[in-house]
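Residue numbers (the working numbering): 14 to 268. Every residue, glycine too, gets a C-beta built ideally from N, C-alpha and C. Report on one structure; see the data block that follows.
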Amino acid sequence: MGKGGGSCCSKTPTPISSDQIQIQVQTEAPIADKTETLIPIRSLRVFIVFYSMYGHVELLARRIKKGVDSIEGVEGAMYRVPETLSKEVLAAMEVPAKGSDVPAAVAEELVEADGFLFGFPTRYGAMAAQMKAFFDSTGGLWKEQKLAGIPAGIFVSTGTQGGGQETTAWTAITQLVHHGMLFVPIGYTFGEGMTEMEALRGGTPYGAGAFSGDGSREPSQTELELAEHHGKYMATIVKKISAHKFKQPQINHAN
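Shown next, in the form of structure tokens:
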């Protein structure tokens with residue numbers, strides 16, 4: 014500026030104190046909205062997906078659901094695998110009609126589950142064709158590994174003691190493996206009920222089970238109690254795994 018005009022600013026800038034800096038930051042920065050949006054926490058869901066021709070597996074499934082529902086924060090949802098046999102064949106086999114209170118299992122909806130319990134009767138030591146057909150319909154989920162990391166268990170029904178209580182379960186594990194699911198056996202967590210030898214009992218360390226005989230034998234009280242325990246055990250595992258997921262720290266992959 015000219016000599017007579019005075020100086021608008023000094024050649025040596027006036028120092029700004031830290032208090033002034035703080036004030037400038039506070040006045041220039043927008044005021045954050047402290048209103049928090051509360052997201053409702055839903056219950057964890059264990060899908061109990063089963064096929065039952067004469068009702069034995071369904072009885073186990075209902076008792077399993079009772080066990081799942083007894084664990085706080087977890088709920089069981091039952092789904093029936095679609096039938097593949099014709100009405101004529103079912104009538105010839107004297108298969109009872111199914112109730113309408115259990116919805117049909119839909120492959121695309123499996124992604125909504127936090128855990129699975131798959132139940133089915135044996136056919137020559139392996140799962141029934143109806144259940145296999147359902148697993149075969151999950152190819153789209155397999156391709157994208159949508160079910161990877163989800164815990165899953167198995168429960169079965171067989172006609173005889175040597176009819177596949179164990180083989181029906183462990184041959185079914187291949188379905189879980191290809192999807193990347195985590196197989197969760199019950200081991201001997203049922204306690205003395207797993208080693209009791211005085212009465213006929215289905216169920217193995219792989220999971221709950223029942224003997225149907227010629228079809229007239231209903232699941233015993235011990236078999237039903239084991240099924241309920243299976244539901245409780247799986248719900249507890251699902252709850253633990255879900256809690257661990259929320260606690261996982263963010264991993265920085267940058268070098």
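Item: Given a threshold of 16 other Cβ atoms within 10 Å of its Cβ, counted over all protein chains shown, does TYR236 qualify as buried or as exposed?; Value: Per the sequence presented here, residue 236 reads as Glu, with Tyr not at that position. That one is buried.
Item: Alpha carbons only, please: which of LYS258, ALA256, THR208 and HIS243 is nearest the one belonging to PHE129?; Value: HIS243
Item: Might you give, ordered along the chain, the residues of its own chain that have their beta carbon closer than 6 Å to the beta carbon of TYR67, omitting 5 neighbours on each side?; Value: GLY228
Item: Taking the straight line between their C-alpha atoms, what separation do you get for ILE186 and LYS100?; Value: 30 Å
Item: Taking only runs that begin and end inside the stretch 160–238, name each unbroken beta strand (DSSP E) of 3 or more residues, in chain order.; Value: 164–171 and 222–224
Item: Looking at the strands, I want to know which residues DSSP matches up with PRO93.; Value: Position check: residue 93 holds Arg in this sequence, whereas Pro was assumed. Bridge partners of ARG93: PHE63 and ALA117.
Item: Whose C-beta lies closer than 7 Å to the C-beta of ARG230 among residues of the same chain, with five residues either side of it excluded?; Value: PHE224
Item: Which residues in the same chain as MET194 place their Cβ atom closer than 6 Å to its Cβ, once the five residues preceding and following it in sequence are excluded?; Value: LEU160, ILE163 and ALA165
Item: Beta-carbon separation of ALA139 and THR171 under 8 Å?; Value: no
Item: Among the candidates THR135, ALA105, GLU96 and GLY153, whose CA atom is the shortest distance from the CA of PRO116?; Value: GLU96
Item: Run the CB neighbour count on GLU241, radius 10 Å, all protein chains shown included, and call it buried at 16 or more, exposed below.; Value: buried
Item: When the distance is taken between beta carbons, is PHE168 closer than 8 Å to ALA126?; Value: no
Item: Grab the span of the alpha helix (DSSP H) containing GLY132 for me, first residue to last.; Value: No alpha helix (DSSP H) holds GLY132; the beta strand (DSSP E) holding it covers 128–136.
Item: For LEU73 and GLY132, which I take to be in contact (beta-carbon distance under 8 Å), what is that distance rounded to the nearest angstrom?; Value: 6 Å
Item: Under 7 Å Cβ to Cβ from PRO232, same chain only, skipping five residues before and after it: list those, please.; Value: HIS69, LEU72, LEU73 and ALA223
Item: I'd like to confirm the pairing. Which residues does DSSP put opposite VAL70 in its beta bridges?; Value: Answer by DSSP bridge pairing: none, since VAL70 is not bridged.
Item: What residues in its chain sit with their C-beta under 6 Å from that of LEU51, if we drop five residues either side in the sequence?; Value: Residue confidence is low: LEU51 scores 47 on pLDDT, short of 50, so the model does not pin down where it sits. Its coordinate-derived value is still stated next. Nothing listed; no residue qualifies.
Item: Grab the span of the alpha helix (DSSP H) containing GLY153 for me, first residue to last.; Value: 152–156
Item: Just reading off the alpha helix (DSSP H) that GLU101 is part of, what are its end residues?; Value: 100–105
Item: Tell me whether GLU3 sits in a helix, a strand or coil according to DSSP, three-state version.; Value: There is no way to answer for residue 3, as the model of the chain reaches only from 14 to 268.
Item: Which term fits ARG76, buried or exposed, when burial requires 16 or more other beta carbons within 10 angstroms of its beta carbon?; Value: buried
Item: Assuming LYS145 is part of the alpha helix (DSSP H), what are its boundary residues?; Value: 142–149
Item: Could you tell me whether the Cβ atoms of GLU88 and VAL94 are closer together than 8 Å?; Value: no
Item: Go through its chain and collect everything with a Cβ distance to ILE84's Cβ below 7 Å, but skip five positions before and after it.; Value: LYS245, ALA248, THR249 and LYS252
Item: I need the DSSP call for ALA139, collapsed to helix, strand or coil.; Value: strand
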